[in-house]
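The structure appears right after this line, and notes come after that.
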Amino acid sequence: MSLTLDKKRKLSVGLLAVLCIFLFSNVSSSLGPSHESKRPDPRGLVANQADIDELMQEAKIQAEKIAHGEFNVEIQSVQDDTHEMKEIVEESKGRPVMHTFFQPLEEGASDPLLDLWRKEWESNGFETRVLNMQDVESNPAYPEMKAMAEAFFTGKDAGYYNMLCFYRYLAMANVGGGWMSDYDTFPINFPIEKYSGLANDGKFTSFQAHVPSLISASGSEWQRVAELFIKQMPVSTADWKSDMFLLQEVGNVKENDIILYDQGSYVETFLKYKERDVVDCGKYKRFLVLHCSHLAITTIEEQDLVPTYDYSEMDETVKRAKITEIFMDQWREQCGGSIS
2 MSLTLDKKRK LSVGLLAVLC IFLFSNVSSS LGPSHESKRP DPRGLVANQA
52 DIDELMQEAK IQAEKIAHGE FNVEIQSVQD DTHEMKEIVE ESKGRPVMHT
102 FFQPLEEGAS DPLLDLWRKE WESNGFETRV LNMQDVESNP AYPEMKAMAE
152 AFFTGKDAGY YNMLCFYRYL AMANVGGGWM SDYDTFPINF PIEKYSGLAN
202 DGKFTSFQAH VPSLISASGS EWQRVAELFI KQMPVSTADW KSDMFLLQEV
252 GNVKENDIIL YDQGSYVETF LKYKERDVVD CGKYKRFLVL HCSHLAITTI
302 EEQDLVPTYD YSEMDETVKR AKITEIFMDQ WREQCGGSIS
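Heads up: the sequence shown begins at 2 in our numbering, then just goes up one per residue.
Following this line, the structure appears as structure tokens:
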């Protein structure tokens, strides 16, 4: 989930050297005969030896953090291979961006789970960006993917939904890449200072095996995988050609160099209670995020562990969002909540 050791060391040394040059070139004009003297420069900066020592110590600390993989969003904006991602970083005022894709099946439709997704990721320090078909249609591979997908999926039903799932890869490529999660996926132990940069040097990385609930990739990697899907569709042996099963097929080809972390390594998929309204905190310590799928809700209903609340006036969509919201609040109150 971090840079290679050699790259980290080189980057650390390089950044420290650049910072040293910057400090001395800009501070020297502020120093008189003695390093202890102070004189403001035209920009209003004032420096003395104590200032320099403090800044140098800070530079060393930052270099050590980089060497251990704790690189921040400024480093990531330099690493990224597209102008668009840099713009997103700048627009978010230094906060990393978590993306999701949402295209209503009916005009004007909404999902309260999407609002909860925004709330949870923003409270964890991220900016959020919801992508839709407007972010897809200018991608040069869109016409080919559309034609290929329409050959398999027809109508505004489950087929249309699955077409949209493929299109999100093109949307992420168009905005320059970065992190993307399903809008039913929420941070539980996702420290922003550690995960603001991309995993594995920007290689396409899925944290729930072939289930695309949480993915990190550069813009070129999102595009590459989308184009692999286009090639795979006609020859796929999957009974249902969803992006999930095609990701499994292309991910199993070693030459495609796609990283699929094992199920259960980083993503929790169930709401775990010791008893009703009592979260089993210990079961969540090693997971980055919670993927609160329809299965997660069905499971606690079968276990008779649905959090206490009056759901009688809610449809299934609203109920699912409310159950998830209550769980996340209980997680914070009982377990300490997300690390931010």
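In this text, a Cβ means the ideal position worked out from N, Cα and C, and glycines have one as well.
Selected residue, minimal CA-CA separation from residue i, among the options
i      : options                        : result
Val268 : Tyr285, Val279, Gly338, Asp258 : Tyr285
Leu229 : Thr325, Leu215, Ile216, Ile259 : Ile259
Arg287 : Lys120, Leu117, Leu106, Cys336 : Cys336
Ile298 : Glu326, Glu314, Val279, Ser214 : Glu326
Tyr143 : Ala227, Ser237, Lys273         : Ala227
Arg119 : Ala218, Arg169, Val137, Tyr184 : Tyr184
Leu272 : Asp263, Thr300, Leu261         : Thr300
Glu138 : Asp263, Leu165, Tyr262         : Leu165
Beta-carbon proximity check, residue i vs residue j, cutoff 8 Å
i      : j      : result
Val307 : Gly179 : no
Leu289 : Phe208 : yes
Glu250 : Ala239 : yes
His100 : Met173 : yes
Asn175 : Ser243 : no
Gly95  : Ile193 : no
Phe167 : Ala150 : yes
Leu132 : Ser182 : no
Ser294 : Thr270 : yes
Ser219 : Ala200 : no
Met245 : Val279 : no
Residue i versus residue j - alpha carbon distance
i      : j      : result
Glu92  : Ala110 : For Glu92, the pLDDT reaches just 43, beneath the cut-off of 50, and the residue's location in the model is therefore unreliable, leaving the point undetermined.
Trp241 : Leu247 : 9 Å
Asp343 : Gly265 : No information on residue 343 is available, as it lies outside the stretch 2 to 341 that the chain covers here.
Trp332 : Pro141 : 43 Å
Met315 : Lys232 : 43 Å
Asn73  : Met234 : With a pLDDT of only 34 at Asn73, under 50, the local geometry of the prediction cannot be trusted, and no value is derived from it.
Ser124 : Leu117 : 10 Å
Thr309 : Glu302 : 12 Å
Tyr196 : Ala210 : 18 Å
Ser313 : Asp305 : 16 Å
Ala152 : Gln104 : 20 Å
Glu334 : Asp263 : 29 Å
Met134 : Arg225 : 19 Å
Tyr274 : Asn190 : 18 Å
Leu296 : Glu108 : 27 Å
Glu55  : Asp311 : Residue placement at Glu55 is poorly supported in this model, since its pLDDT is 42, which falls under 50; the coordinates still yield a value, given next. The straight-line gap from Cα to Cα measures roughly 56 Å.
Gly198 : Gly283 : 27 Å
Sequence-distant residues of its chain with Cβ nearer than 7 Å to residue i (five each side left out)
i      : result
Glu121 : Phe187, Pro188, Met329
Gly338 : Trp332
Gly160 : Phe154
Glu222 : Gly178, Gly203, Lys204, Phe205
Leu171 : Val137, Asn140, Ala142, Tyr143, Met146, Ala227
Gly252 : His211, Ile259, Leu261
Same chain only: Cβ atoms within 8 Å of residue i, ignoring 5 sequence neighbours per side
i      : result
Pro113 : Thr318, Val319, Ala322, Lys323
Asp115 : The sequence shown places Leu at residue 115, rather than the Asp named in the question. Only Thr101, Phe103, Val131, Tyr184 meet the Cβ criterion.
Nonlocal neighbours in the same chain, by C-beta distance under 6 Å from residue i, ignoring five residues either side
i      : result
Gln58  : Confidence in Gln58 is poor, its pLDDT being 45 and thus under 50, which makes the residue's placement unreliable; the coordinate value appears in the next sentence. Contacts found: none.
Arg169 : Phe102
Arg277 : Leu306
Glu85  : Residue placement at Glu85 is poorly supported in this model, since its pLDDT is 40, which falls under 50; the coordinates still yield a value, given next. Same-chain partners within the cutoff: Val176, Gly177.
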